[in-house]
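Below: one structure, written as structure tokens.
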Amino acid sequence: MTVTQRLYEAAKPIWQACHDHPFVKGIGDGTLDREKFQYFLLQDYLYLFDYAKVFAWGVVKARDPELMRFFSANVDAILGGEMKTHRAYMARLGITEEQVFQVKPALPNLSYTSYMLSAAAAGGPAEIVASILACSWSYAEIGARLAQIPGAADHPFYGEWVRGYSSQEYQDTNDALVARMDALAEGCTEEEYQRLEDIFVVCSRYELGFWEMAWRLEP
35 MTVTQRLYEA AKPIWQACHD HPFVKGIGDG TLDREKFQYF LLQDYLYLFD YAKVFAWGVV
95 KARDPELMRF FSANVDAILG GEMKTHRAYM ARLGITEEQV FQVKPALPNL SYTSYMLSAA
155 AAGGPAEIVA SILACSWSYA EIGARLAQIP GAADHPFYGE WVRGYSSQEY QDTNDALVAR
215 MDALAEGCTE EEYQRLEDIF VVCSRYELGF WEMAWRLEP
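In our numbering, the protein residues as written are 35 to 253.
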């Protein structure tokens, strides 16, 4: 098995719990309470700024120009690409970016981003991608599965979210991260792999916790 296949198997039960979570299911069938989605949207918007900073650590830690460009391009993809969906929903809900920054990150959100930034600061490029990948890959899988639900991608409110994370552009970006993880971890020792798995599984647990945080509207 490749490194990413091993990582996937290690986190598979957690990811299945994400698929089964009522928040995710509510997006798929269009029944999610909009108050919960708005809470999620604001928290996720704050999260993405720190997520981009994890990629920025990759620019700092990279030892060759190609890898620097890879991490830099992903910072641009988040700030100029993925956040477009969030901004579109914010416009529909009448929320300005100024209002977003008046919102404080909930404790599970703050804990998650602090963990990723700590892993990035302490590790190298492989650890950085391992901390990033749980979010990117799980969202790619969630988006693809939700898009298979009849009517989900065409829902008047949640369809835009489903289309964004099931889009070929998003899937391709994630596939590049998966390939990069395998390339960076090529030839790693079992001890080095275990460190990557620990990071990936912890971040997967944080992903599940993020859905639960939004479902419960945690302060």
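We treat Cβ as the ideally placed atom computed from N, Cα and C, and that holds for glycine.
Just so it is clear, the structure is predicted and the values come from calculations on it, not from any experiment.
Secondary structure, alpha helix (DSSP H): runs of 4+ residues fully inside the stretch 225 to 250: none
Status (buried if at least 16 other CB within 10 Å, exposed otherwise) for Leu147: Sequence index remark: in the sequence shown, residue 147 carries index 113 (1-based). Note on identity: in this sequence residue 147 is Thr, with Leu being the wrong assignment. Buried.
The alpha helix (DSSP H) enclosing Tyr192, as first and last residue numbers: Translated into positions along the sequence shown, residue 192 becomes position 158. Looking at the DSSP string, Tyr192 is not in any alpha helix (DSSP H), and its letter there is neither H nor E.
Per-residue burial, Thr119 [other beta carbons within 10 Å of its own, 16 or more giving buried]: Indexing the sequence shown from 1 puts residue 119 at position 85. Flag for Thr119 reads buried.
Arg126 classed as buried or exposed, judged by whether at least 16 other C-beta atoms fall within 10 angstroms: Reading the sequence shown from its first residue, position 92 is the one you call residue 126. It is exposed - the Cβ of Arg126 has fewer than 16 other Cβ atoms within 10 Å.
Endpoints, alpha helix (DSSP H) assigned at Gln205: Position 171 of the sequence shown, counted from the start, is the residue given in the question as residue 205. That run of the alpha helix (DSSP H) goes 202 to 218.
Buried/exposed call for Thr38, threshold 16 Cβ in 10 Å: Here the question's residue 38 lines up with position 4 in the sequence shown. Looking at its Cβ environment, which holds 16 or more other Cβ atoms inside 10 Å, Thr38 is buried.
Proximity winner among Leu113, Ala187, Tyr81, relative to Leu141 (alpha-carbon distances): On the sequence shown, residue 141 is found 107 positions in, with the first residue counted as 1. For Leu141, the nearest C-alpha among the options comes from Tyr81.
Runs of alpha helix (DSSP H) lying entirely within the stretch 100 to 151, each at least 4 residues, in chain order: 117 to 127, 131 to 134
Start and end residues, alpha helix (DSSP H) containing Asp63: Translated into positions along the sequence shown, residue 63 becomes position 29. Segment 56 to 63, the alpha helix (DSSP H) holding Asp63.
Cβ-Cβ distance between Leu211 and Ile166 below 8 Å: Taking the first residue of the sequence shown as position 1, residue 211 is located at position 177. Taking the first residue of the sequence shown as position 1, residue 166 is located at position 132. Yes, these two residues count as a Cβ contact at 8 Å.
Nearest neighbour of Tyr252, chosen from Gln50, Gly62, Tyr73 [CA to CA]: In the sequence shown, counting from the first residue as 1, residue 252 sits at position 218. The amino acid occupying residue 252 in the given sequence is Glu; Tyr does not appear at that position. Considering only alpha carbons, the answer is Tyr73.
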